[in-house]
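Protein chains in written order, with the numbering used here: chain A, 1 to 339; chain B, 340 to 635. We put the CB at the ideal spot given by N, CA and C, even for glycine. Computed from a predicted model, the values in this text were never measured in an experiment. So the structure is just underneath, and the comments pick up after that.
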Amino acid sequence: MNTENALQDWRELAHRVEREVAQAVIGQPQTLRLINVATFARGHVLLEGDVGVGKTTVLRAFSRAIGGDFERVEGTVDLMPGDLIYHTYVDAEGRPRIDPGPLLRHGERLTTFFFNEINRARPQVQSLLLRAMAERTVSAFNREYRFPHMTVFADRNKVEKEETFELASAARDRFMFELNMSKPTDRSIRRALVFDTAFHDTEALIAQVAPALLPAEELNTIAALIQKSVRTSETIERYVLDLWEASETPQNLGITLDGVDMNRLILAGASPRGMSALLRATRVVAWLDGRLHVEPDDVRAVLPAILGHRIFFTPIYELRRAELAGALIARILDRVAAP
Amino acid sequence: MRRALPAGLLTLGLALSLGGLPTAAPAQTPPAQRVQAAQVMQPRAFGHVLGDVLTQRVRLGQGAEALAPKALPEAGRVGLWLDRRAPAVERDAQGVQWLRIDYQVINAPPSLGMIRLPALSLPTTAGPTLAVPAWPVSLGPLSPAEGSELPALQPDRLVALRDTAAPRQALQAALAALAAVLLAWLGWWTLQQWREAQTLPFARASARLRRADGSRLDDWQALHEAINQSAGRVVHAASLARLVEERPAWKPLHAELEAFFAASNARFFGAASARPDPSLRALALALRQVEKQTAD
Chain A
1 MNTENALQDW RELAHRVERE VAQAVIGQPQ TLRLINVATF ARGHVLLEGD
51 VGVGKTTVLR AFSRAIGGDF ERVEGTVDLM PGDLIYHTYV DAEGRPRIDP
101 GPLLRHGERL TTFFFNEINR ARPQVQSLLL RAMAERTVSA FNREYRFPHM
151 TVFADRNKVE KEETFELASA ARDRFMFELN MSKPTDRSIR RALVFDTAFH
201 DTEALIAQVA PALLPAEELN TIAALIQKSV RTSETIERYV LDLWEASETP
251 QNLGITLDGV DMNRLILAGA SPRGMSALLR ATRVVAWLDG RLHVEPDDVR
301 AVLPAILGHR IFFTPIYELR RAELAGALIA RILDRVAAP
Chain B
340 MRRALPAGLL TLGLALSLGG LPTAAPAQTP PAQRVQAAQV MQPRAFGHVL
390 GDVLTQRVRL GQGAEALAPK ALPEAGRVGL WLDRRAPAVE RDAQGVQWLR
440 IDYQVINAPP SLGMIRLPAL SLPTTAGPTL AVPAWPVSLG PLSPAEGSEL
490 PALQPDRLVA LRDTAAPRQA LQAALAALAA VLLAWLGWWT LQQWREAQTL
540 PFARASARLR RADGSRLDDW QALHEAINQS AGRVVHAASL ARLVEERPAW
590 KPLHAELEAF FAASNARFFG AASARPDPSL RALALALRQV EKQTAD
C-alpha cells in the first residue's frame with residue numbers, strides 16, 4: 001500500500017472514530033475533534049471543565065473506539081508514586097505478593113490512561129506521570145517497562161482548591177492540549193441530555209460505540225507518516241514563528257487587554273516543545289481535512305488549545321488566566337497574518 | 340431743378356394755416372355752395388429731406404359722413420416732389436374726426452428750396468366745402484452740393500473711450516480670486532489623495548498594484564495586508580463570510596474575494612485551486628471604490 005492510500009485509509013478510520021464517539025457524547029464536537037487530533041499527533045491531553053459535563057464518558061468512548069487497554073487512576077492526596085507501579089498484598093496462602101500497578105498492568109497494550117483529578121495527587125505522583133508521558137516508559141523491578149501506544153488524559157478539578165496541588169508550568173507544558181469542556185449551551189442538546197434516557201445510562205451509551213476500530217499498535221507509525229507527508233510552506237513557517245514571537249511579546253504587535261499592563265503580563269511565552277506540538281497537531285488537522293499541506297486555518301484550529309496553558313503569566317495576572325489567556329490568543333490571531 | 344418759391348406765397352400759406360383765414364374758393368366751385376376754410380394741422384414747415392413723410396390733418400367735426408362722395412383726394416404722385424398716400428379718417432380722444440393725408444418726399448433737391456403741399460377742396464354733403472390751402476415747406480438735399488468742400492459723407496462721430504481701468508482691475512481681482520480658489524481646491528484634492536494613498540489601505544494597495552500582473556507573491560501579500568488593515572484584524576478564507584456580513588458594501592465583491600483567497604492559498608500553501616487567478620489590480624480598484632464610498 002502506498003503512502004497516499006495508507007493516509008486515506010487511516011483518515012477514514014479517524015473520522016469513523018470521531019463519528020462513533022459523537023453518538024455517545026453530544027454537544028462537544030470541538031473537544032472530540034481535538035482529542036482525535038491529539039491521538040494521531042501522539043500528544044497527551046489535559047481536560048478541564050465543569051463537573052459532570054462528561055469528561056470520563058468522552059475518554060471511555062474514545063478508548064473503546066481506539067482499542068487497546070484502558071486504565072483509570074483517581075488522584076487523591078495520599079496517592080504515592082509507587083501506587084501507580086505496583087500493588088502489594090498478602091495472598092490466600094499468606095505470602096506477600098507484589099503485582100504490577102495500573103501503569104504496568106497492561107504492558108504495551110495500554111493505549112488510554114486516564115488520570116482523574118490530577119491536581120489532587122501530590123507532585124511526586126505528577127512527576128512520575130510526566131516521565132511516563134514524555135518517555136512512555138517507567139522503571140520498576142529492575143527493568144524498564146514500555147507502553148509506546150499510551151495516550152494520557154488528565155482531568156483537572158477546577159472547582160475545589162482545598163488539598164490540591166496545581167500542576168507546575170513545566171508539567172502543563174507536557175500536555176499537547178488543554179481542553180476546556182464547557183456545558184453545552186444549545187437548548188436542544190441540553191434537552192436531550194436531560195430528557196433522553198439514552199444519555200442516562202453511561203455503560204449502555206459507551207457500549208454503542210464500535211470497539212477497537214483502529215489497530216492501535218500502529219498509531220505511532222501512522223502518526224509518523226502523517227508528520228512526514230503533510231508539508232508546510234515557507235509562509236506557514238513564517239506564520240508559526242510570528243505566532244511564537246507574539247506569545248512572548250504581544251505588546252510588540254500593539255495588543256492590549258483591558259486592565260492589563262502588557263509589559264508585565266508575560267512571564268514566558270510558548271516553549272519550543274509547545275511550538276513543536278503545534279506543528280504536529282496542525283499537520284494532523286490538515287490530514288483530517290483531506291489535505292497534504294498546512295493552511296493557516298489548521299494552525300488557528302488548534303492554537304487556543306495549544307497555547308492556552310503554555311503562555312505563562314506573571315503572578316499578579318496568573319489568577320486571571322482563564323479570562324486572559326483566551327482573550328490574548330484571540331487578539332494574537334487577529335493580529336498575526338499569513339500571508 | 341426748381342428754385343425756391345416766392346416768399347410772398349410762403350407768407351400767405353403760413354397765414355392761412357395759422358390764422359385759419361378763408362381761402363378763395365376754387366374756380367370750379369358752384370356759386371351756390373358755401374366755402375369754408377378748413378381747420379388744418381399742418382406738418383412742420385422746414386427741415387424736410389428725401390423720404391420724410393409729411394402729415395396733414397383736416398378737422399371734419401363730429402360727422403365724417405358729411406364728406407361728399409369722391410371728396411377724398413386720390414392717392415398718387417403729386418408733382419415732382421411728393422407722393423400722396425391714401426387719406427384716412429381718424430377719430431381723436433374727444434371723438435372729433437380728422438382727415439389724415441400723408442405726403443412722402445420722393446425726390447431730393449440739389450439745394451435747399453421751397454415746395455408746397457397742394458391746396459385741396461373737400462366738399463361735404465350737408466355743409467360748406469372745406470378749403471385746405473397749399474402749405475409751403477422747405478426741402479433740403481441729403482448731401483452737400485457738388486463742388487462743396489464738405490465730403491459726401493460726414494466722418495464717423497468719435498466716441499469717447501470709457502475708462503476701463505476699474506472694471507479691468509475688478510475682473511483681474513475676480514480672476515485672481517478664482518485662480519486662488521481653484522489652486523486651493525487642487526492643493527486640497529492633491530493632499531487628500533496623497534493622504535489617502537498614505538493611510539487608506541486600498542488606496543495604497545491599488546497604487547502599488549497599478550502595474551501588477553499577479554506573478555509576484557509580494558503583490559498578493561500587499562492586497563492581503565490591505566484587507567487585514569481595512570478589517571482591523573486578520574482576514575482569512577474562513578472568516579471572510581463574517582467580514583462580508585459586517586460590511587454590506589463588500590457583498591457584491593464576495594465571490595471575487597473568495598476567489599482571491601482560494602488562489603492565494605494555492606500560491607502560498609500549495610493548495611490546488613480550480614478557479615483562474617483573479618486580477619489583483621481589478622480587485623484592489625473595486626475595493627478602493629468601496630473604500631471611497633464608505634469613507635464619505
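Closer than 9 Å to chain A by CB, residue i
i: B/PHE541; result: no
i: B/ALA577; result: yes
i: B/LEU556; result: yes
i: B/LEU619; result: no
i: B/ARG534; result: no
i: B/VAL573; result: yes
i: B/GLU585; result: no
i: B/GLN560; result: yes
i: B/GLU597; result: no
i: B/SER603; result: yes
According to DSSP, residues forming a beta bridge with residue i
i: A/ASP155; result: A/LEU47
i: B/ALA427; result: B/ARG439
i: A/HIS293; result: A/ARG231
i: B/LEU461; result: B/LEU469
i: B/GLN381; result: According to DSSP, which records beta bridges pairwise, B/GLN381 is partnered with nothing at all.
i: B/TRP474; result: B/LEU456
i: A/ALA268; result: A/PHE312
Residue burial classification, residue i (beta-carbon count within 10 angstroms, cutoff 16)
i: A/MET176; result: buried
i: A/SER188; result: exposed
i: B/SER450; result: exposed
i: A/ILE316; result: exposed
i: A/GLY107; result: exposed
i: B/ARG373; result: exposed
i: B/GLN436; result: buried
i: A/TRP10; result: buried
i: A/HIS200; result: exposed
i: A/GLY49; result: buried
i: A/VAL240; result: buried
i: A/ASN116; result: buried
Short CB-CB distance (under 9 Å) between residue i and chain B
i: A/GLU163; result: no
i: A/SER233; result: yes
i: A/VAL294; result: yes
i: A/ASP297; result: yes
i: A/ASP99; result: no
i: A/LEU333; result: yes
i: A/ALA246; result: no
i: A/PRO304; result: no
i: A/PRO315; result: no
i: A/ARG300; result: yes
i: A/ILE236; result: yes
i: A/VAL336; result: yes
i: A/PRO184; result: no
Own chain, CB closer than 6 Å to residue i, minus 5 neighbours either side, in chain order
i: A/THR88; result: ILE98
i: A/LEU59; result: PHE114, PHE153
i: A/VAL53; result: MET181, LYS183
i: B/VAL392; result: ASP441, GLN443
i: A/ASP298; result: THR282, VAL285, ALA286
i: A/GLN126; result: ALA171
i: B/LEU357; result: With a pLDDT of only 38 at B/LEU357, under 50, the local geometry of the prediction cannot be trusted, and the value read off the model is given with reservation. Correct list: empty, nothing qualifies.
i: A/PRO339; result: THR235
i: B/LEU384; result: The question names Leu, yet the displayed sequence has Ala at residue 384 of chain B. VAL476, listed in sequence order.
7 Å Cβ shell around residue i - same chain, five flanking residues per side excluded
i: A/ARG64; result: ILE206, VAL209, PRO211
i: A/SER144; result: Residue 144 of chain A is actually Glu in this sequence, not Ser. THR137, listed in sequence order.
i: A/ALA270; result: TRP244, SER247, LEU307, ARG310, ILE311
i: B/LEU351; result: Interpretation of B/LEU351 is limited by its pLDDT of 37, a score under 50 that renders its predicted location unreliable; the figure taken from the coordinates is listed afterwards. For B/LEU351, where only same-chain residues beyond five positions count, there are no Cβ hits under 7 Å.
Residues of its chain near residue i, where Cβ-Cβ distance is below 8 Å and the 5 sequence neighbours each way are ignored
i: A/LEU213; result: LEU13, ARG16, VAL17, GLU20, ALA65, ILE66, GLY67
i: B/ALA536; result: ALA542, ARG543, ALA546
Take every Cβ of the segment 469-486 of chain B, pair it with every Cβ of the segment 439-457 of chain B, and state whether three or more of those distances are shorter than 8 Å.
Judged by Cβ distances under 8 Å, the segment 469-486 of chain B makes contact with the segment 439-457 of chain B, as three or more pairs qualify.
Can you find at least 3 beta carbon pairs, one from the segment 166-184 of chain A and one from the segment 128-137 of chain A, that sit closer than 8 Å?
Touching, yes, given that three or more Cβ pairs across the two stretches are closer than 8 Å.
Pairs of beta-carbons, one from the segment 526-546 of chain B and one from the segment 575-584 of chain B, closer than 8 Å: are there three or more?
Touching, no, given that fewer than three Cβ pairs across the two stretches are closer than 8 Å.
Check whether the segment 63-81 of chain A touches the segment 102-122 of chain A, counting contact only when three or more Cβ pairs, one atom from each stretch, lie closer than 8 Å.
With the cut-off at 8 Å, the segment 63-81 of chain A and the segment 102-122 of chain A touch.
Three or more C-beta pairs closer than 8 Å, one from the segment 589-596 of chain B and one from the segment 272-291 of chain A: is that the case here?
In short, these stretches do not touch, since the Cβ pair count stays below three.
I want to know whether the segment 297-305 of chain A touches the segment 321-334 of chain A - three or more CB-CB distances under 8 Å.
At 8 Å Cβ cutoff, the stretches touch.
Decide yes or no for the touch test of the segment 254-266 of chain A against the segment 11-31 of chain A: beta carbon pairs closer than 8 Å, at least 3 of them.
Between the segment 254-266 of chain A and the segment 11-31 of chain A there are fewer than three inter-stretch CB-CB distances shorter than 8 Å, so the stretches are not counted as touching.
For the structure I just gave you, are there three or more beta carbon pairs, one from the segment 547-567 of chain B and one from the segment 622-629 of chain B, closer than 8 Å?
Three or more Cβ pairs closer than 8 Å define a contact, and the segment 547-567 of chain B meets that threshold against the segment 622-629 of chain B.
Sufficient close CB pairs (3 or more, under 8 Å) joining the segment 498-518 of chain B to the segment 423-431 of chain B:
Note that the segment 498-518 of chain B does not touch the segment 423-431 of chain B; fewer than 3 beta-carbon pairs, one per stretch, sit closer than 8 Å.
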